[in-house]
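Numbers 60 to 513, taken from the numbering used here, label the letters of the sequence shown in order.
Ideal Cβ placement from N, Cα and C applies to all residues, glycine included.
Take a look at the structure set out below.
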Amino acid sequence: MDILIQNGTVVNHSGRRQADVLISGGRIKAVEEHIDAAGAKVIDAAGCFVFPGMIDTHTHFDLDTGSAVTADDFVTGTKAALLGGTTTILDFATQERDGSLKDALRTWHEKAKGASCNYGFHMAIARWDAETEAELPDMTAAGVTSYKLYMVYDALKVDDGAIYAALRAATKEGALIGVHCENWDVLRRRIGEVQASGITGPEGHPLSRPAAVEAEAVGRLMRIAELAEAPVYVVHLSTREGLIEARRAKERGQKVFLETCPQYLVLTDEAYKAADGEKYVMSPPLRKAEDQSALWEALAGGEIDFIGTDHCSFTMAQKKEFRSDFRKVPNGGAGVQHRLQLLYTYGVEKGHITLEQLTELLSHGAAKHFGIDDRGSIAPDMAADLVVYDPAAESIITDTNTAHNTDNSPFAGLAVKGAARHVILNGEHAVENGKLILSGSGRYVHRGPSGCEN
Ligand code: URP
Ligand code: ZN
Ligand code: ZN
């Protein structure tokens, strides 16, 4: 059935206007001042913003870290995403050290069965060698055109030479590499020092990984990318110092893209002092107010390209088990449902960014940089993924009033303005008046070349 969204303010990255949107056959058919469409299901968007479906560049659903399995899988995580206005997520298919990229992709396609929002995959490379390199064209053919390399974690870390070689190879392939930037050797030494000083609880986590641990790694990555003559992106950038390193590289003429996450914009490392401080153990850790301000300024100035949640949820039981040993607390937190609300409330309402910038950061920027050609804006012929966002709604996030399959939220206690009242997914009404009415209809997003735009 055709859908007509009437009387809303249509917001694209390039501007906003009062317009109706007609959806037919899974596509946007028309965006005009006034549309009559007999027989169409009408959604009244008066007083609401009509955004392109939001794209989350960074989720971990159904991830087994080796010591814990995430609370959200694709079934629960993608429902929460949709309810929050996210119509596409990019998750990380992850290569086993002794496995192939193809195996990992097959596994992640299996995991994603039954997804309720659209999904694509970055590929996390855990072993860089000739065999892995030879698989890159297969990944491109399969619609995977971005990769993540880790400078950390025993099961995933690759060395600087591997990063250099992978960057060169991926660039030839039209693929973009993102890197988790932290200095593993130094942070492990610091973990030892913090523990030796008698600090074993969650407050030890940020002490072991201060800003310089990220900044050193970002600076190093920038130089490696310069040598490789490759574009690169920094995954979950959290610090002012890291931003400065990326800025330097851009000033040298390098093509550098940046991703940050809501948690680094609205929370600080004060959280580790709370009674439930283990809830906030994630890597990179939460930072200081000055890092937050620098990231907001960078968002306002167009220096950050997209925002992902890094949704990687665990239950309090999983986290609390290691309350007295921060090294072992499973890293990560929930957030896939709240990205739009948090960025609208603490970004747009607080005057840091415009509605258009919000749209760029949460949707269009991801589509543009990750080869999703038919999503990220509201225009004729684009895929019909849309969100009708009611800015008048008000709520407070709690640990449990979410659709995440877990009992805690790092954002619990924060007031948010607005809510996704309606969500259209591939031309179908998926969320109606805040209720999920369509599940299991997510489609795989086969992506084209990434990293081509600056
Ligand atoms: O703590 C986090 N961020 N866990 C997820 C894995 C990662 O490094 O992104
Ligand atoms: Zn990471
Ligand atoms: Zn992550």
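Alpha carbon of residue i to alpha carbon of residue j, nearest angstrom
i    : j    : result
N513 : C240 : Low confidence applies to N513: its pLDDT is 42, below 50, so where it sits in the model is not reliable, and the reading given next is rough at best. Distance between the alpha carbons of N513 and C240: 21 Å.
L445 : E419 : 14 Å
Y405 : A201 : 37 Å
I184 : V504 : 20 Å
A274 : P290 : 18 Å
C107 : D61  : 20 Å
P269 : K314 : 26 Å
K476 : G251 : 42 Å
F110 : T459 : 27 Å
I222 : I236 : 9 Å
M198 : E453 : 43 Å
A81  : I437 : Looking at the sequence itself, residue 81 is Leu, so the reference to Ala does not match. Straight-line Cα distance between these residues: approximately 10 Å.
L354 : E310 : 18 Å
T413 : G360 : 11 Å
V340 : L497 : 34 Å
K231 : Q416 : 31 Å
D335 : S256 : 21 Å
V529 : N492 : Residue 529 falls outside the range modelled here, since the chain spans only 60 to 513, and no answer is possible.
P265 : R248 : 14 Å
G499 : F316 : 32 Å
R165 : E356 : 40 Å
L495 : T457 : 20 Å
V490 : Y212 : 38 Å
T259 : H463 : 29 Å
S175 : Q254 : 43 Å
Distance CB(residue i)-CB(residue j) smaller than 8 Å
i    : j    : result
M210 : W187 : no
L280 : V272 : no
L142 : A479 : yes
D218 : F180 : no
D132 : T465 : no
A225 : L208 : yes
R506 : T204 : yes
E91  : A78  : yes
Q396 : T461 : yes
G430 : P508 : yes
T319 : I363 : yes
G510 : Y178 : no
P261 : V388 : yes
V482 : T146 : yes
A234 : Y206 : yes
L215 : T191 : no
beta-carbon residue i near ligand 3 non-hydrogen atom, thresh 7 Å
i    : result
C371 : yes
H119 : yes
Residue i CB to nearest heavy atom of ligand 2 below 7 Å
i    : result
H239 : yes
Any non-hydrogen atom of ligand 1 within 7 Å of residue i CB
i    : result
H295 : yes
N242 : no
S342 : yes
G391 : yes
Whole-number beta carbon distance between residue j and residue i, since they are thought to touch under 8 Å
i    : j    : result
A228 : L195 : 6 Å
S372 : I114 : Not really, about 19 Å apart at Cβ, beyond 8 Å.
Q322 : L345 : 6 Å
G144 : L399 : 4 Å
S297 : D350 : 7 Å
V134 : G74  : With 8 Å as the limit, V134 and G74 do not qualify as a contact, their Cβ atoms being about 37 Å apart.
Any C-beta of chain C under 8 Å from that of residue i
i    : result
N485 : Although the question refers to chain C, the structure presented lacks it and comprises just one protein chain.
The stretch 154 to 163 in contact with the stretch 132 to 143 per 3-pair CB rule at 8 Å = no
message = For the stretch 369 to 387 against the stretch 116 to 123, do three or more pairs of beta-carbon atoms, one drawn from each stretch, fall closer than 8 Å, so that the two count as touching?
response = With the cut-off at 8 Å, the stretch 369 to 387 and the stretch 116 to 123 touch.
key: Inter-stretch contact (C-beta, 8 Å, three-pair minimum) for the stretch 324 to 337 and the stretch 274 to 288   = As far as the Cβ criterion goes, the stretch 324 to 337 does not touch the stretch 274 to 288, which means the pair count is below three.
query = Using 8 Å as the threshold, is the stretch 462 to 471 in touch with the stretch 390 to 403, meaning 3 or more CB pairs across them?
reply = yes
inquiry  = So, does the stretch 377 to 386 touch the stretch 302 to 322, judging by three or more C-beta pairs under 8 Å?
reply    = No: fewer than three Cβ pairs fall under 8 Å.
ask   = Is the stretch 425 to 434 close to the stretch 449 to 456, with three or more CB pairs under 8 Å?
value = With the cut-off at 8 Å, the stretch 425 to 434 and the stretch 449 to 456 do not touch.
message = Count Cβ pairs between the stretch 76 to 86 and the stretch 481 to 488 that sit closer than 8 Å; are there 3 or more?
response = Contact between the stretch 76 to 86 and the stretch 481 to 488 is present: 3 or more CB-CB pairs across the two stretches fall below 8 Å.
ask   = Any chance the stretch 91 to 110 sits against the stretch 62 to 79, with 3 or more Cβ pairs inside 8 Å?
value = Enough Cβ pairs lie closer than 8 Å, so yes.
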